[in-house]
Amino acid sequence: MKTIYNSADEIPHILIRVINAITLSENKDELRSAINKIAEETELDKFFAYGYGAHHF
């Protein structure tokens, strides 16, 4: 059986930042701002699919 493994060293760090943003945000505006900042500073778009409508990750 062949395993498909597509990973990069940045993924765990980005995921931790996203989880922190989710847990530390007090409202949806803070969360959106935090996710936008993460997207600007990292390759979030490359590794994670989000933006279904504009409200889904």
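Quick note: the sequence shown uses our numbering, first residue 1230, plus one each step.
The beta-carbon is built from N, C-alpha and C at its ideal position, and this holds for glycine as well.
Does the beta-carbon of residue i have 16 or more other beta-carbons within 10 angstroms, so that it is buried, or is it exposed?
i     : result
L1273 : buried
Please state if the CB of residue j and the CB of residue i are separated by a distance shorter than 8 angstroms.
i     : j     : result
L1260 : I1251 : yes
F1277 : A1237 : no
Does residue i have its Cβ less than 8 angstroms from a Cβ in chain B?
i     : result
I1245 : Of the protein chains in this structure there is only one, and it is not chain B.
So residue i and residue j are in contact, right, with Cβ under 8 angstroms, and what is the actual spacing, rounded?
i     : j     : result
A1268 : S1254 : Not really, about 15 angstroms apart at Cβ, beyond 8 angstroms.
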